[in-house]
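Written below as C-alpha cells is the structure these notes are about.
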Ligand code: ADP
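Numbering (the working numbering), first residue to last: 61 to 497.
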C-alpha cells in the first residue's frame with residue numbers, strides 16, 4: 061500500500077463518525093448511532109478482507125476486485141506487486157530453460173548431487189552415459205546408481221584432485237572419466253566424459269612404441285655383437301677403422317639403452333603391478349651403491365648409504381630400476397670427487413628414499429618438467445653423459461605403481477636432492493638403524 065492509504069482510511073473513519081454523531085444528535089441518541097456506525101464500518105472492512113482473501117486464493121491472475129477508498133488502493137498495490145513478481149519469475153524461468161537447453165546440448169554428462177549423496181539433477185548426456193531414468197532415479201543415492209566399488213571409494217573419499225576412470229555401468233566397452241567438484245555445503249557437481257577414443261589412441265601409441273622397440277632390439281643386438289667382435293680384433297683391421305668402429309659401438313650401446321628404457325616404460329604403462337613382496341631396501345641400496353662406485357670409476361666420488369633396516373612392500377625389480385636411475389643420475393651429474401648420499405628412512409609421514417648430491421644442480425624452471433619423456437634440463441650436458449632422457453619418467457611410473465611420489469629439490473651449481481615418498485602402509489618391518497659407508 062502506498063503512503064496515501066492511511067490518511068484516506070483516517071478521513072473515511074472521521075467522516076463516518078461525524079455523520080453518525082450528527083444523526084445521533086438529531087435523533088437524540090448519539091452514542092447508539094456512533095456504535096451502529098462503528099459496527100457498520102467494521103463490517104465493511106471485514107467484507108473487504110474476505111474479498112481480498114478470495115481473490116488471492118482463487119484469482120491471482122485476474123484483475124483485482126473493484127473497491128473504493130483504502131481497499132481500492134490495497135487491491136491495486138497488491139496487483140502491481142503480483143505483476144512484478146510474475147515478470148521476474150518468467151525471466152528466471154527463461155534463464156533456467158536456457159541453462160537446461162545448454163547443458164542438454166553438452167556431450168559430457170553433468171550431474172548435481174546434494175550433501176546426502178542423492179541425485180538432484182542431471183542432463184541428457186548423463187542419462188545416456190549412465191543409463192539414468194528421471195522417473196525412478198531422481199533423489200536416489202548416486203552410489204546406488206553407479207554401483208562400481210571404485211566409484212563408491214572415489215566418491216566417499218572426497219579427494220577429487222585426480223579424475224577417476226572406469227568402464228561405463230551400461231557398457232563395459234565404454235571408458236568413462238569422472239571429475240567431481242565440491243560446491244556450496246558439501247554438494248557435488250559430477251562431470252562424466254566418454255574417454256574411450258582417447259584411451260584407444262593411448263593404447264595404440266603404447267602398442268606402437270612397445271612393438272617398434274621390440275622389433276628394433278634384435279637387429280641392434282646383432283649389430284652390437286659384430287661391432288664388439290671387430291673391436292676385439294682391431295689389430296687385424298686397417299688402423300683408420302678404429303675410431304669409427306669405437307664410435308659405432310658407443311652409439312649402438314646408447315640405442316640399446318634407449319630401447320631398454322622404452323620397453324621398460326611400456327611394461328610399466330601396460331601391465332598390472334606384479335605380486336607385492338617384501339623388498340629388502342637396504343640390501344638393494346648396497347648393491348646399487350657398488351654399481352654406482354663402478355660407474356663413478358675415475359671420478360672417485362664419495363658415495364654413502366644410510367639406511368634403516370626397514371623392508372617395503374613392492375616389486376623389487378621395479379624399485380631397483382627407479383632407485384638405480386636416481387643414483388646413477390647423481391653419479392652422472394656430479395663432478396669428480398663430489399659427494400652423493402643415499403638415505404632410506406621411515407617417519408610418521410611414511411617411507412622415504414633420498415639421493416642427494418653436490419653436483420651440477422638444475423635451474424628451477426626445468427624442475428616441474430623433468431619427469432616428462434625425453435626432457436633434458438641441459439642438452440649439452442646430456443650429450444656428455446649419454447643419458448636416454450627416460451630415466452625420471454621411469455622413476456615416476458614406478459612410484460605411481462607403488463602409491464608413491466617424487467619430490468625434486470635442486471639449486472643450479474650447488475646440487476640436487478631427489479626424494480621418493482611412500483605411504484606407511486607399505487612398511488614391512490623395522491629394527492635398528494645401520495650406517496654403511
Ligand atoms: P637422462 O637420461 O638424460 O639422465 P633423466 O630422465 O634421468 O634423463 O633425467 C632428466 C634430466 O634431468 C637430465 O637430462 C638432467 O638434465 C636432469 N637431472 C637428472 N638428475 C640430475 C641430477 N642428479 N643432477 C642434475 N641434473 C639432473
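Ideal Cβ positions, reconstructed from N, Cα and C, are used throughout, including at glycine.
**Asked** Looking at residue 240 and residue 280, is the spacing between their C-beta atoms short of 9 Å?
**Response** In the chain shown, the residue the question calls residue 280 occupies position 220. In the chain shown, the residue the question calls residue 240 occupies position 180. In this structure, residue 240 does not lie closer than 9 Å to residue 280 by Cβ.
**Message:** I believe residue 436 touches residue 449 by the beta-carbon criterion, under 8 Å. Please report the beta-carbon distance rounded to the nearest angstrom.
**Reply:** One-based indexing of the chain shown puts residue 436 at position 376. One-based indexing of the chain shown puts residue 449 at position 389. With a Cβ gap of about 5 Å, residue 436 and residue 449 count as contacting.
**Item:** Residues near residue 358 by beta carbon distance below 6 Å, same chain, minus five either side
**Value:** Residue 358 sits at position 298 when you count from the first residue of the chain shown. For residue 358, where only same-chain residues beyond five positions count, there are no Cβ hits under 6 Å.
**Message:** On the DSSP letters alone, give me the boundaries of the alpha helix (DSSP H) that residue 258 sits inside.
**Reply:** Locating residue 258 in the chain shown gives position 198, counting from the first residue. For residue 258, the uninterrupted alpha helix (DSSP H) segment begins and ends at 256-292.
**Message:** Give me the residue from 212, 430 and 104 with the minimum Cα distance to residue 224.
**Reply:** As a working note, residue 224 is residue 164 in the chain shown. The residue with the shortest Cα to Cα distance from residue 224 is 212.
**Message:** Could you pull the DSSP bridge partners for residue 169 from this structure?
**Reply:** In the chain shown, counting from the first residue as 1, residue 169 sits at position 109. Looking at the DSSP assignment, residue 169 forms a beta bridge with 252.
**Request:** Could you spell out where the alpha helix (DSSP H) holding residue 435 opens and where it closes?
**Result:** By 1-based counting over the chain shown, the position of residue 435 is 375. Premise fails: residue 435 is in no alpha helix (DSSP H) and is neither H nor E.
**Message:** Nearest by alpha-carbon distance to residue 98: which of 323, 108, 79 and 364 is it?
**Reply:** The count along the chain shown starts at 1 and reaches residue 98 at position 38. Nearest C-alpha to residue 98: 79.
**Message:** What would DSSP say about residue 363, mapped onto helix, strand or coil?
**Reply:** As a position in the chain shown, residue 363 is number 303, starting the count at 1. Strand, per DSSP.
**Request:** Look at the Cβ atom of residue 215, then the Cβ atom of residue 191, and state whether they are nearer than 9 Å.
**Result:** Walking along the chain shown from the start, residue 215 turns up at place 155. Walking along the chain shown from the start, residue 191 turns up at place 131. Not closer than 9 Å, so no.
**Touching by the beta-carbon criterion (3+ pairs, under 8 Å), the stretch 272-292 and the stretch 192-212** = no
**Request:** Give me whichever residues DSSP pairs with residue 401 in a beta bridge.
**Result:** Taking the chain shown and counting its residues from 1, one reaches residue 401 at position 341. Answer by DSSP bridge pairing, in chain order: 364 and 416.
**Asked** With burial defined as no fewer than 16 other Cβ atoms inside 10 Å of the residue's Cβ, what is the status of residue 389: buried or exposed?
**Response** Residue 389 sits at position 329 when you count from the first residue of the chain shown. Taking all protein chains shown into account, residue 389 has 16 or more neighbouring C-beta atoms within 10 Å of its C-beta and is therefore buried.
**Request:** Determine the direct distance from the alpha carbon of residue 423 to that of residue 438, and round the result to whole angstroms.
**Result:** As a working mapping, residue 438 is identified with position 378 in the chain shown. As a working mapping, residue 423 is identified with position 363 in the chain shown. One C-alpha to the other measures close to 9 Å.
**Request:** Please confirm whether residue 399 and residue 368 have their CB atoms less than 9 Å apart.
**Result:** Position 339 of the chain shown, counted from the first residue, corresponds to residue 399. Position 308 of the chain shown, counted from the first residue, corresponds to residue 368. Contact flag unset, no.
**Message:** According to DSSP, is residue 232 part of a helix, a strand, or is it coil?
**Reply:** In the chain shown, residue 232 corresponds to position 172, counting from 1. In this structure, residue 232 counts as coil in the three-state DSSP scheme.
**Status (buried if at least 16 other CB within 10 Å, exposed otherwise) for residue 254** = Working through the chain shown from its first residue, we reach residue 254 at position 194. The residue in question, residue 254, is buried, as its Cβ has 16 or more Cβ neighbours within 10 Å.
**Message:** So, at 7 Å on beta carbons, what are the nonlocal neighbours of residue 131 in its own chain, with the 5 sequence-adjacent residues on each side left out?
**Reply:** Numbered from its first residue, the chain shown carries residue 131 at position 71. Only 108 meet the Cβ criterion.
**Message:** When you measure from the CB of residue 450 to every non-hydrogen atom of the ligand ADP, does any distance come out below 8 Å?
**Reply:** What you label residue 450 is simply residue 390 of the chain shown in a count that begins at 1. The answer is yes for residue 450.
**Message:** Helix, strand or coil for residue 492? Go by DSSP, reduced to three states.
**Reply:** Taking the first residue of the chain shown as position 1, residue 492 is located at position 432. Because residue 492 carries a pLDDT of 43, less than 50, the predicted location of this residue cannot be relied on, and no value is offered for it.
**Request:** Could you check what DSSP says for residue 244 in three-state terms: helix, strand or coil?
**Result:** As a working note, residue 244 is residue 184 in the chain shown. Coil, per DSSP.
**Request:** Along the beta strand (DSSP E) that carries residue 468, what are the first and last residues, could you check?
**Result:** Looking up residue 468 in the chain shown gives position 408. Segment 465-471, the beta strand (DSSP E) holding residue 468.
**Request:** Under 8 Å by Cβ, that's how I've got residue 326 and residue 269 pegged, so tell me the actual separation to the nearest angstrom.
**Result:** Numbered from its first residue, the chain shown carries residue 326 at position 266. Numbered from its first residue, the chain shown carries residue 269 at position 209. Right, the Cβ-Cβ distance comes to about 5 Å (below 8 Å), so this counts as a contact.
**Request:** Could you have a look at residue 130 and say whether DSSP puts it in helix, strand or coil?
**Result:** Counted from its first residue, the chain shown places residue 130 at position 70. The answer is helix: DSSP assigns residue 130 an H, G or I state.
**Prompt:** Would residue 202 pass as a contact of residue 166 if the rule is Cβ separation under 9 Å?
**Reply:** Here the question's residue 202 lines up with position 142 in the chain shown. Here the question's residue 166 lines up with position 106 in the chain shown. No, the Cβ-Cβ distance between residue 202 and residue 166 is not below 9 Å.
**Request:** May I have a chain-ordered list of the beta strand (DSSP E) segments no shorter than 3 residues that lie completely inside the stretch 73-147?
**Result:** none
**Prompt:** Comparing alpha-carbon positions, which option in 242, 459, 181 and 237 lies nearest residue 374?
**Reply:** The residue given as residue 374 occupies position 314 in the chain shown. Here the closest residue by C-alpha is 459.
**Request:** Please confirm whether any heavy atom of the ligand ADP lies closer than 8 Å to the CB of residue 453.
**Result:** By one-based count along the chain shown, residue 453 stands at place 393. Correct: residue 453 has its Cβ closer than 8 Å to the ligand ADP.
**Request:** Return the CA-CA distance between residue 330 and residue 262, expressed in angstroms with no decimal places.
**Result:** Residue mapping note: residue 330 aligns to position 270 of the chain shown, counting from 1. Residue mapping note: residue 262 aligns to position 202 of the chain shown, counting from 1. The alpha-carbon atoms of residue 330 and residue 262 are separated by roughly 10 Å.
**Message:** Less than 8 Å separating the Cβ of residue 290 from some heavy atom of the ligand ADP?
**Reply:** Translated into positions along the chain shown, residue 290 becomes position 230. Outside the cutoff, so no.
**Request:** Output the boundary residues of the alpha helix (DSSP H) element that contains residue 342.
**Result:** Residue numbering aside, residue 342 sits at position 282 when the chain shown is read from its first letter. Residue 342 -> alpha helix (DSSP H) spans 341-356.
**Request:** Could you tell me whether any non-hydrogen atom of the ligand ADP is closer than 8 Å to the CB of residue 403?
**Result:** Residue 403 sits at position 343 when you count from the first residue of the chain shown. Taken from the Cβ of residue 403, every heavy atom of the ligand ADP lies 8 Å or farther away.
**Prompt:** If you check the beta carbons only, do residue 34 and residue 333 fall under 9 Å apart?
**Reply:** Not covered by the structure: residue 34. The range shown for the chain is 61 to 497.
**Prompt:** In three-state DSSP terms, what is residue 481?
**Reply:** Start at 1 with the first residue of the chain shown, and residue 481 comes out as number 421. Under the three-state reduction of DSSP output, residue 481 falls in the strand class.
**Item:** beta-carbon residue 437 near the ligand ADP non-hydrogen atom, thresh 8 Å
**Value:** Start at 1 with the first residue of the chain shown, and residue 437 comes out as number 377. Within the cutoff, so yes.
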